[in-house]
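Numbering (our numbering), first residue to last: 16 to 286. Beta carbons are placed, not taken as given, at the ideal position from N, Cα and C, and that holds for glycine. As structure tokens, the structure follows; a few thoughts come after it.
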């Protein structure tokens, strides 16, 4: 009891110590979360700063961080095509957490994200709060109330991003709507494949993740065809996924077991 009382006192002190900037960020974008819970998240995060044009994460690279923008904005590109923008309060690379997926470790980035390079050099630096994904997941496991509040905030974040994409179309920022739609779909497919890859790389957690993944598929309308594509991209069959165990197969051309090949590619972030 003494420990719990002490923890509550520390959390309340941290909430009172929040800067005006952080309080405004909570009021504008984390309003579904209490001040004390928001202060817990801020205390766990690190502040990261990028110059205009700096790359935050590259397409195809492994990324172990979740970020939220505090100041400035960023742009997302799939195969060089701008797919959407990120603004103050938006999450970056949250990796299905809005659907309840508690994925540790790194995920392959489905796009390149860079701090916006404004015309004529206008615009300031990009500042973000950054969490190590594994550490954040462990922290959320110990605090169910905070986990629910963060999930609610992330749901609103998804809505804001969808509205932002619609705004790109309405304001004429999309030169080729057909190509833009194609790249958005490719980005979505690869985002799901990255989630699947992360789950497959932690087979001892696979049973726990099945319901979470099913929920993610329902939210994002991932049909069986795209689910099978993601599994094949990771070198798994549907039967192996259902069994929760990958069969070891020998690659006759290169003389290595494909199970080991997938592990190697996962370590170095290649496919």
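Item to complete: Please determine if the segment 91 to 105 and the segment 186 to 205 are in contact, where contact requires at least 3 C-beta pairs separated by less than 8 Å.
Response: Enough Cβ pairs lie closer than 8 Å, so yes.
Worksheet item: Going along the chain, which residues of its own chain have a beta-carbon closer than 7 Å to the beta-carbon of residue 206, five neighbours each way excluded?
Response: Translated into the one-based positions of the chain shown, residue 206 becomes position 191. Excluding positions up to five away in sequence, the list reads 125.
Worksheet item: For the segment 48 to 56 against the segment 152 to 167, are there 3 or more C-beta pairs whose distance is under 8 Å?
Response: Touching, yes.
Item to complete: Name the residue from 73, 178, 78, 224 whose alpha carbon lies nearest to the alpha carbon of residue 92.
Response: Looking up residue 92 in the chain shown gives position 77. Nearest C-alpha to residue 92: 73.
Practice prompt. Sort out for me which residues DSSP pairs residue 106 with in a bridge.
Written response: Here the question's residue 106 lines up with position 91 in the chain shown. Under DSSP, residue 106 forms a beta bridge with 83.
Fill in: Range of the contiguous alpha helix (DSSP H) that encloses residue 211
The residue given as residue 211 occupies position 196 in the chain shown. Residue 211 -> alpha helix (DSSP H) spans 192 to 215.
Practice prompt. Report yes if the CB atom of residue 128 is closer than 8 Å to the CB atom of residue 81, and no otherwise.
Written response: As a first step, residue 128 is located in the chain shown; it is residue number 113 there, counting from the start. As a first step, residue 81 is located in the chain shown; it is residue number 66 there, counting from the start. Remark: C-beta atoms of residue 128 and residue 81 do not approach each other more closely than 8 Å.
Worksheet item: Once you ignore the five residues that flank residue 267 on each side, which residues in its own chain have a CB closer than 8 Å to its CB?
Response: For this step, residue 267 is matched to residue 252 along the chain shown. Reliability of the predicted coordinates at residue 267 is poor, the pLDDT of 46 falling under 50, and no value is obtained from them.
Worksheet item: Looking at C-beta atoms only, is the number of pairs between the segment 204 to 218 and the segment 239 to 252 that lie closer than 8 Å three or more?
Response: Touching, per the Cβ criterion.
Discussion item. DSSP three-state label for residue 92, please.
Written reply: Translated into positions along the chain shown, residue 92 becomes position 77. Three-state DSSP puts residue 92 in a strand.
Worksheet item: Considering only residues of the same chain and omitting the five flanking positions on each side of residue 40, which have a CB-CB separation below 7 Å?
Response: In the chain shown, the residue the question calls residue 40 occupies position 25. Spatial neighbours of residue 40 in its own chain (CB-CB distance under 7 Å, excluding positions within 5 residues in sequence) are listed in chain order as 85, 104.
Worksheet entry | Residue from 261, 174, 203 whose Cα sits closest to the Cα of residue 238 | Here residue 238 refers to the residue found at position 223 when the chain shown is read from its first residue. Comparing C-alpha distances from residue 238 to each of 261, 174, 203 shows the shortest one belongs to 203.
Discussion item. Between 37, 201, 67, which has its C-alpha nearest residue 58's C-alpha?
Written reply: Along the chain shown, read from residue 1 onward, the residue named residue 58 stands at position 43. Nearest to residue 58 by C-alpha distance, out of 37, 201, 67, is 37.
Worksheet item: If we count Cβ pairs, one from each stretch, closer than 8 Å, do we get three or more for the segment 106 to 124 versus the segment 219 to 234?
Response: With a cut-off of 8 Å, the segment 219 to 234 and the segment 106 to 124 count as touching, because enough Cβ pairs lie within range.
Worksheet item: For the candidate residues 142, 162, 211, 176, whose alpha-carbon lies nearest to that of residue 48?
Response: To locate residue 48, count along the chain shown from 1; it is residue 33. Ranked by how close their Cα comes to the Cα of residue 48, the residues 142, 162, 211, 176 have 162 in first place.
Worksheet entry | C-alpha gap between residue 79 and residue 153, whole angstroms | If you number the chain shown from 1, residue 79 lands on position 64. If you number the chain shown from 1, residue 153 lands on position 138. Distance from the CA of residue 79 to the CA of residue 153, rounded to the nearest whole angstrom, comes to 14 Å.
Worksheet entry | Contact set for residue 221: own chain, Cβ-Cβ below 7 Å, skip 5 residues either direction | Locating residue 221 in the chain shown gives position 206, where the first residue counts as 1. Its chain contains 214, 259 as the residues whose beta carbon lies nearer than 7 Å to that of residue 221, once the 5 sequence neighbours on both sides are disregarded; these appear in chain order.
Fill in: Selection from 240, 231, 45 that minimises the alpha carbon distance to residue 118
On the chain shown, residue 118 is found 103 positions in, with the first residue counted as 1. Taking only the C-alpha atoms, the option nearest residue 118 is 231.
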